[in-house]
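If you read the protein sequences in the order shown, they are chains Y and A. For what it's worth, this note's numbering labels the leading residue of the first sequence as 201, then goes sequentially. For what it's worth, this note's numbering labels the leading residue of the second sequence as 9, then goes sequentially. For glycine and all other residues, C-beta sits at the position ideal for the given N, C-alpha and C.
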Amino acid sequence: MMTRRKFLIGGATAAGALIVGYGLWPSRRLARANLLAAKSGERFVATWIKIANDDIITVVIPHCDMGTGIFTSLSQMAADELDADWTKVRAETAPADPLFANGPLAEGFALNEENMTVDSIPTFLRGTAANSLRIIAEYMDVQTTGGSSSVRLTGVYGMRIAGAAVREMLVKAAAARMSAPVEAFRTEMSRVIHVASGKSFGYGELAVEAAQYSPSSHPKLKTKSAYKLVGKPIQRLDIPAKVNGTVHYGIDTKLPDMWYGAIRISPVFGGKLVSVNEARVAQSRGVKQVVRLDDAVVVLADRFWRARNAADALEPVFDNAGNGDVSSKTIRNLHLTAMKNGKIKQDLSTGAGADALKNGTLVERIYNVPYLAHAPMEPVNTTALYNKDGTLEVWAGTQDGLGSRAFCAKTAGVHLDKVTFHLLPSGGSFGRRLPGQWNFLTYAVKTAMAVPGVPVKLVFTREQDMQHDFYRPNVTSRFKATVDKDGMPVAWVNDYTTAHDPNSEAHIFYGVPNQAYGAVKVATHVPTGPWRSVEASWHGFFVESFIDELAQQANRDPVEYRRALLKGKPRHLATLNLAAEKAGWGTPLPPGRGRGIAMVECFGTVVADVAEVEVTDDGALKVHRFTSAADCGMAVNPDGFKAQMEGGVIFGLSAALYGEITIDQGAVVQQNFPDYEIVRLAECPAIEVYIHESYAPLGGAGEPGVPPVAPAVTNAIFAATGVRIHELPVKNHSLGKAARQSTSL
Amino acid sequence: MGIRLNVNGVVHELDVEPDAPLLWVIRDELNLTGTKFGCGIAACGACTVHVNGKAMRSCSVPVGSAANAEITTIEGLGAGALTTVQEAWIEHQVPQCGYCQSGMIMAVSAFLAMNHAPTDDQLAAAITNICRCGTVPRIRAAVRALAARKDTGAP
Numbered sequence: 201m202m203t204r205r206k207f208l209i210g211g212a213t214a215a216g217a218l219i220v221g222y223g224l225w226p227s228r229r230l231a232r233a234n235l236l237a238a239k240s241g242e243r244f245v246a247t248w249i250k251i252a253n254d255d256i257i258t259v260v261i262p263h264c265d266m267g268t269g270i271f272t273s274l275s276q277m278a279a280d281e282l283d284a285d286w287t288k289v290r291a292e293t294a295p296a297d298p299l300f301a302n303g304p305l306a307e308g309f310a311l312n313e314e315n316m317t318v319d320s321i322p323t324f325l326r327g328t329a330a331n332s333l334r335i336i337a338e339y340m341d342v343q344t345t346g347g348s349s350s351v352r353l354t355g356v357y358g359m360r361i362a363g364a365a366v367r368e369m370l371v372k373a374a375a376a377r378m379s380a381p382v383e384a385f386r387t388e389m390s391r392v393i394h395v396a397s398g399k400s401f402g403y404g405e406l407a408v409e410a411a412q413y414s415p416s417s418h419p420k421l422k423t424k425s426a427y428k429l430v431g432k433p434i435q436r437l438d439i440p441a442k443v444n445g446t447v448h449y450g451i452d453t454k455l456p457d458m459w460y461g462a463i464r465i466s467p468v469f470g471g472k473l474v475s476v477n478e479a480r481v482a483q484s485r486g487v488k489q490v491v492r493l494d495d496a497v498v499v500l501a502d503r504f505w506r507a508r509n510a511a512d513a514l515e516p517v518f519d520n521a522g523n524g525d526v527s528s529k530t531i532r533n534l535h536l537t538a539m540k541n542g543k544i545k546q547d548l549s550t551g552a553g554a555d556a557l558k559n560g561t562l563v564e565r566i567y568n569v570p571y572l573a574h575a576p577m578e579p580v581n582t583t584a585l586y587n588k589d590g591t592l593e594v595w596a597g598t599q600d601g602l603g604s605r606a607f608c609a610k611t612a613g614v615h616l617d618k619v620t621f622h623l624l625p626s627g628g629s630f631g632r633r634l635p636g637q638w639n640f641l642t643y644a645v646k647t648a649m650a651v652p653g654v655p656v657k658l659v660f661t662r663e664q665d666m667q668h669d670f671y672r673p674n675v676t677s678r679f680k681a682t683v684d685k686d687g688m689p690v691a692w693v694n695d696y697t698t699a700h701d702p703n704s705e706a707h708i709f710y711g712v713p714n715q716a717y718g719a720v721k722v723a724t725h726v727p728t729g730p731w732r733s734v735e736a737s738w739h740g741f742f743v744e745s746f747i748d749e750l751a752q753q754a755n756r757d758p759v760e761y762r763r764a765l766l767k768g769k770p771r772h773l774a775t776l777n778l779a780a781e782k783a784g785w786g787t788p789l790p791p792g793r794g795r796g797i798a799m800v801e802c803f804g805t806v807v808a809d810v811a812e813v814e815v816t817d818d819g820a821l822k823v824h825r826f827t828s829a830a831d832c833g834m835a836v837n838p839d840g841f842k843a844q845m846e847g848g849v850i851f852g853l854s855a856a857l858y859g860e861i862t863i864d865q866g867a868v869v870q871q872n873f874p875d876y877e878i879v880r881l882a883e884c885p886a887i888e889v890y891i892h893e894s895y896a897p898l899g900g901a902g903e904p905g906v907p908p909v910a911p912a913v914t915n916a917i918f919a920a921t922g923v924r925i926h927e928l929p930v931k932n933h934s935l936g937k938a939a940r941q942s943t944s945l
Numbered sequence: 009m010g011i012r013l014n015v016n017g018v019v020h021e022l023d024v025e026p027d028a029p030l031l032w033v034i035r036d037e038l039n040l041t042g043t044k045f046g047c048g049i050a051a052c053g054a055c056t057v058h059v060n061g062k063a064m065r066s067c068s069v070p071v072g073s074a075a076n077a078e079i080t081t082i083e084g085l086g087a088g089a090l091t092t093v094q095e096a097w098i099e100h101q102v103p104q105c106g107y108c109q110s111g112m113i114m115a116v117s118a119f120l121a122m123n124h125a126p127t128d129d130q131l132a133a134a135i136t137n138i139c140r141c142g143t144v145p146r147i148r149a150a151v152r153a154l155a156a157r158k159d160t161g162a163p
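See the structure below:
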């Protein structure tokens, strides 16, 4: 049984089943929804869909906007089924309330994962099945945005259903007005039209009556050929407010008489606060209070810069919780020891598994990727007000509004009903604001509770944000393979370190008859968490580096070698071929240049990248060009999808070339962007993105662009120089002529 | 005590320390929150504003040094209408999370005012702002389109 967390964060692929759909609210729920989220002149007609008197349709999105364009693509999906006039469609964030949980979508998705279809549910039970999902949802504090799941779950199983159901309700309302059968009507551009007479009604004038009907959980959905909005590169709804500074992010919260908080957290994770020199800030202008927490200290002042300056002056002393000797080197040794002597938990095994290593030529390699910070441009922050009556109000950008509300309630020790949570847009997240990583909520709520009645805005400086993240794990992976006389792999054995369970993302799609996977746990005190593309971010690099080395060893072209291993994988083969063709794979390059290819499937989307790099004799590297081909089934908004792929290349390239969080004396060494470089305009390659439509179930967009980037670059570096990189980031390797002979394996 | 600050054509008399960062004065004293905090050390450019027409990273500008200067923030950029740069940002669908874009737009606007038709290399040398979502390919595309137009220049 898939766990909820695994499902939502770790990703999964859709199984192509019929849409079961989300149990839409029965009409009696609308009153509460209207109370929570309807303004004057508008009302909910069904779950997530409000229609106002002036025909404005607002799609209430049970997710956070962190920049991936989902407010637009989800609205496209609802509006298309609704036959809405797009110029009158708006999107807004749903309240952090159980009524707007998106957990049930996960349940619906899980049903489909197990190949359960509408047809497998007896007709008389269908409503009940859908209804029970909704009830489960109301007791689940889940409203997550992650796992590249918004379009795949909320869109496919929710928004389309809601849009189509509301359309049917509007038609019923018109039919009742004219005492005509529903078959006599069609819908277009937010109007219900009586075909014979031509008489028509705007959605706004029918909304009140339409809301009286029960929404169908199985409304008639459009087929692809009927889409007017889905599949079109429509301009994003959120962009106008993002070019004039008017978006209100979490960090922009301001309340009357608010105090600003600056925090210093123990540099060594888990270290306890021993002392602070409060006398140094007692006379500082604007300083209101010093709040001592278990492993941190917060200075509250009337302005942020005064709080920050005072926090700098406090000289807090922390203990090291016994981790003062931990460094990246000691962690690396732990990995290697665990690989050698640790208990490897066997995961998947196919064919003869590891026994097949006995025959053929053995190839063995070890790879490593470092810890990485998320470093969203908006440093983590939270505003909290703990009232004297025991109620709590919180403002923040997180990837789960309802979950955040429950988390704040638990942190404060109060009932959920006592907590209001205002979910605000995030200035980037990349996994940083997912559940399990909410140290910013914890510190803000605890600080607010120390000063009842005073609103407190706690903002992490960039240094605190970078040093107190939940990092992409440092992972070591070992491959053993045997190859036949043509150099093709016969056995593939892969063991790797993990903080938790084995990762299905290690499993290859290449046709190797005998495979075995195992994971060995390595515990450190460094907190880790999901980072854009999660497990695929490391296994993508490992697998696509090793397969390239096998091709190299076989003296075969890396694309041709992969093709030979993709029998029965038409999506993968087509995507690989598209990337190779568009990149001009095999055509001559100037001296010093090389091309590398890599392909990774994650979150239901297959992405193949070709990188073209140049390395000079003295080792200077330039990434000239990236050609990306992606099969996400179908892109709901092709331009938005391309933007995610382009962003994935830059995000992945920053990590591949520069990204590294290192540990010394138990603490993170890097402090700010100069130590944690991001690819800027000067290093930005030419990027081309091509979409291959396979009509597979919709795949994700936010994450799948990242994993192939690093191996495409390192494979290209190999092609250009003969230097094979086994450990990221690239910046730690010498690529110049002098270094080349000694480093190639 | 008392610093005169001219922001978007409005003069404010402020009771703040001269060494207070201009960024935080703009955000917390003047409530102009379009200017963003990203790093605090002039490394990322999210806080870029114009000081006498020149792009400056306001997190590292002491407010005292900007007294009597003409300061423009994203809120004052187009005097009520979108500029050609902002229009190009919409046309090319540049922003993702949008957090860095005020700074990007301010930096690019000041740069284009000096160089109407930059090459890619000139742009890359001048604009070193960080975008974590990875919008730089579209920023380059938007600036190329502006450079190709004759009416570029109004920041």
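Residue i versus residue j - alpha carbon distance
i, j, result
"L562(Y)", "A462(Y)", "56 Å"
"H448(Y)", "T387(Y)", "36 Å"
"A938(Y)", "T921(Y)", "11 Å"
"E927(Y)", "N477(Y)", "43 Å"
"Q197(Y)", "A798(Y)", "With chain Y covering only 201 through 945, there is no way to say anything about residue 197(Y)."
"N674(Y)", "V102(A)", "32 Å"
"T91(A)", "N14(A)", "21 Å"
"L350(Y)", "P298(Y)", "In the sequence as displayed, the identity of residue 350(Y) is Ser instead of Leu. So the two alpha carbons sit approximately 17 Å from each other."
"K529(Y)", "S466(Y)", "21 Å"
"A691(Y)", "A719(Y)", "17 Å"
"C52(A)", "T611(Y)", "34 Å"
Contact set for residue i: own chain, Cβ-Cβ below 6 Å, skip 5 residues either direction
i, result
"Q865(Y)", "G524"
"A779(Y)", "A808, V810, T827, A829"
"A552(Y)", "N714"
Proximity test, Cβ basis, 8 Å: residue i and chain A
i, result
"M1004(Y)", "Within the shown structure, residues of chain Y are numbered from 201 to 945, placing residue 1004(Y) beyond reach of any answer."
"T345(Y)", "no"
"D839(Y)", "yes"
"S626(Y)", "yes"
"G445(Y)", "yes"
"P702(Y)", "no"
"C802(Y)", "no"
"T661(Y)", "yes"
"N302(Y)", "no"
Residue i versus the options, residue with shortest Cα-Cα distance
i, options, result
"N444(Y)", "S117(A), N137(A), C141(A)", "S117(A)"
"G740(Y)", "R228(Y), G905(Y), E515(Y)", "G905(Y)"
"E883(Y)", "M114(A), A75(A), T136(A)", "T136(A)"
"R12(A)", "I79(A), G61(A), I113(A), L85(A)", "I79(A)"
"H933(Y)", "L857(Y), P456(Y), V879(Y)", "L857(Y)"
"G804(Y)", "L353(Y), E242(Y), D280(Y), A278(Y)", "L353(Y)"
Neighbourhood of residue i by C-beta distance below 7 Å, restricted to the same chain and skipping five residues each side
i, result
"T43(A)", "L31, I34, R35, C55, V57, S66, T81, I82, S110"
Closer than 9 Å at the beta carbon, the chain Y residues around residue i
i, result
"S66(A)", "What S66(A) touches in chain Y: nothing, since even the nearest Cβ is about 12 Å away."
"D23(A)", "None at all; the shortest Cβ gap to chain Y is about 10 Å."
"L38(A)", "Residues of chain Y passing the Cβ test: none, with the nearest at roughly 11 Å."
Chain Y within 8 Å of residue i, Cβ atoms only
i, result
"V144(A)", "yes"
"T136(A)", "yes"
"A132(A)", "yes"
"T41(A)", "yes"
Residue i: contacting residues in chain A (beta-carbon distance under 9 Å)
i, result
"Y858(Y)", "Under the 9 Å cutoff, chain A gives no residues; its nearest Cβ is about 12 Å from Y858(Y)."
"G848(Y)", "G142"
Other residues of its chain near residue i: CB distance less than 8 Å, five sequence neighbours each side excluded
i, result
"G142(A)", "Q104"
Proximal residues of chain A, C-beta to C-beta of residue i below 7 Å
i, result
"P440(Y)", "I98"
Chain-ordered chain A contacts of residue i [CB-CB under 8 Å]
i, result
"W738(Y)", "Chain A residues near W738(Y): none, gap ~19 Å exceeds 8 Å."
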